[in-house]
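Quick notes on the structure that follows.
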């Protein structure tokens, strides 16, 4: 018996206008959260759809989500309205942005429009500043290191079965330090931390995407969310298109006084930030498969590592890392998971 669902149903039906509501599953994500759709009329204006988030408090804390949602909505950022909340039990009733993920809507014909709108929304997020009652944590050395170590800890050793010698571990430490220093040198902004095509919803009646899954927001590097969006682990675009969008965003964010970087500096920031992001993501995909049984994420590892191969090939300081990656890691991935995807494929 699903006791959480029973509790959630009782809670929803206790809310004004939802006495007959029957939660219908919508989706889960890479966490312990679950989402359901309900119909109700809390304002006496006619029945509408809403989303109920089930976030078990022993695994998830709803307070950051609620605090950030209230603050960002006050700044006209397109996040869902929190209609009702029960933080003790981990239940939220949210505005329903629909089911049309940016990922499934994207094609070559509409990509400029959808990415343009997503980048404009990102500029709003980056300028949000700290959230009242919930200061955004810093994307500091410890967090950057912890994330990058997911790559050797989960992908290389546990998933691929590689044994890392002292020389390889030293090479990783040197690479991680190089990436960390670049990240910490960037101007700090509000960072969504998972800003990509599966967390942006295309909505009817507006070009502005609905932004979800922002509860892990931090203060950190200006290029982090951009590289999450443009070098997305779930969809790949040609390098030339990524360069054009990068320059478009550089100018937008510079006009918003978020940085003063020239084109070359900003591109280098983005390139190295992307490597940090993709090391983390590849490790997380392996952890989701091994620890949580969510093996479907493994199919995204070759694409994610492909970004690492390309970026490291353009960094003279990372020549040895690139050689080791292509000689040791890529063959193991291709043998066990699938072909490593690069922009030329």
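Numbering (full-length UniProt numbering), first residue to last: 1 to 345.
All C-beta atoms, glycine included, are put in the ideal place defined by N, C-alpha and C.
All values reported here derive from a predicted model rather than from experimental measurement.
In the DSSP assignment, find the unbroken alpha helix (DSSP H) run with residue 121 in it and report its ends. Per DSSP, residue 121 belongs to the alpha helix (DSSP H) from 111-126.
Excluding sequence positions up to five away, which residues of its chain have a Cβ less than 7 Å from the Cβ of residue 306? Excluding residues up to 5 positions away in sequence, 340, 341, 342 lie with their Cβ nearer than 7 Å to the Cβ of residue 306 in the same chain.
Reduced DSSP secondary structure (H/G/I, E/B, other) of residue 296: In the three-state DSSP reduction, residue 296 falls in the helix class (H, G or I).
Tell me which same chain residues have a C-beta within less than 7 Å of the C-beta of residue 152, skipping the five on either side of it? The residues are 164, 172.
Flag this pair as yes or no: are the beta carbons of residue 79 and residue 66 separated by less than 7 Å? No.
Boundaries (first-last residue) of the alpha helix (DSSP H) holding residue 105: 102-105 is the extent of the alpha helix (DSSP H) around residue 105.
Which value, in whole angstroms, describes the spacing of the CA atoms of residue 345 and residue 141? In this prediction, residue 345 has a pLDDT of 48, which is less than 50 and means its spatial position is unreliable; nothing more can be read from the coordinates.
I need the straight-line Cα distance from residue 321 to residue 329, nearest angstrom please. Distance between the alpha carbons of residue 321 and residue 329: 10 Å.
Segment limits, beta strand (DSSP E) that includes residue 36: Unbroken beta strand (DSSP E) run through residue 36: 34-40.
Roughly how many angstroms separate the alpha carbons of residue 317 and residue 85, rounded to a whole number? Straight-line Cα distance between these residues: approximately 50 Å.
Distance CB(residue 55)-CB(residue 33) smaller than 7 Å: Between residue 55 and residue 33, the gap from beta carbon to beta carbon is short of 7 Å.
Note the first and the last residue of the continuous alpha helix (DSSP H) segment covering residue 146. Counting along the chain, the alpha helix (DSSP H) containing residue 146 begins and ends at 141-148.
Per DSSP, what kind of secondary structure is residue 274 in: helix, strand or coil? In the displayed model, residue 274 falls within a helix according to three-state DSSP.
Which listed residue (144, 270, 296) has its alpha carbon closest to that of residue 312: The shortest CA-to-CA distance from residue 312 to any of 144, 270, 296 is the one to 270.
Look at the Cβ atom of residue 190, then the Cβ atom of residue 276, and state whether they are nearer than 7 Å. Remark: C-beta atoms of residue 190 and residue 276 do not approach each other more closely than 7 Å.
Is it true that the segment 180-200 meets the segment 228-236, where meeting means three or more beta-carbon pairs spaced less than 8 Å apart? Taking 8 Å as the limit for Cβ pairs, the verdict is that the segment 228-236 does touch the segment 180-200.
Within 10 Å of its beta-carbon, does residue 215 have 16 or more other beta-carbons around it, so buried, or fewer, so exposed? Result: buried.
Starting from the Cα of residue 279, find the closest Cα among 180, 77, 88, 128 and give me that residue. Out of 180, 77, 88, 128, 180 has the C-alpha closest to the C-alpha of residue 279.
Using 8 Å as the Cβ pair cut-off and three pairs as the minimum, do the segment 106-121 and the segment 237-249 touch? With contact defined as three or more Cβ pairs closer than 8 Å, the segment 106-121 and the segment 237-249 are in contact.
When DSSP builds the beta bridges, which residues end up paired with residue 157? In DSSP, residue 157 forms no bridge with anything.
For the beta strand (DSSP E) containing residue 81, list its first residue and its last residue. Taken as a continuous stretch (DSSP letters only), residue 81 belongs to no beta strand (DSSP E), as it is neither H nor E.
Per DSSP, residue 24 forms a beta bridge with which residues? When beta bridges are read from the DSSP output, residue 24 appears opposite 37.
Evaluate residue 346 with the Cβ neighbour count: other Cβ atoms within 10 Å of its Cβ, from every protein chain shown; 16 or more gives buried, anything less gives exposed. Because the chain spans 1 through 345 in this model, residue 346 falls outside it and cannot be assessed.
Thinking C-beta only, is residue 286 closer than 7 Å to residue 155? Taking 7 Å as the Cβ cut-off, residue 155 and residue 286 qualify as a contacting pair.
Please check the pair residue 213 and residue 232, which I expect to be a contact at CB under 8 Å, by giving their CB distance rounded to whole angstroms. Between residue 232 and residue 213 the Cβ distance is about 14 Å, and since that is not below 8 Å, they are no contact.
Span of the alpha helix (DSSP H) holding residue 310? For residue 310, the enclosing alpha helix (DSSP H) covers residues 301-313.
Among 301, 207, 19, which residue has its Cα nearest to the Cα of residue 234? The option with the nearest alpha carbon to residue 234 is 301.
Under the DSSP definition of a beta bridge, which residues are partnered with residue 221? Paired residue(s): 188.
Can you name the start and end residues of the alpha helix (DSSP H) that residue 335 belongs to? 330-336 is the span of the alpha helix (DSSP H), which, as asked, contains residue 335.
Can you tell which of 222, 259, 161, 111 has its C-alpha closest to the C-alpha of residue 183? Of the listed residues, the one whose Cα sits closest to residue 183 is 222.
In the structure shown, what three-state DSSP assignment does residue 235 receive? Here DSSP, grouped into helix, strand and coil, assigns residue 235 to coil.
Which residues does DSSP pair with residue 51 in a beta bridge? Assignment of beta-bridge partners to residue 51 by DSSP yields 37, 94.
Where residue 260 falls, given that 16 or more other Cβ within 10 Å makes a residue buried: Counting Cβ neighbours within 10 Å, residue 260 comes out exposed, since fewer than 16 surround it.
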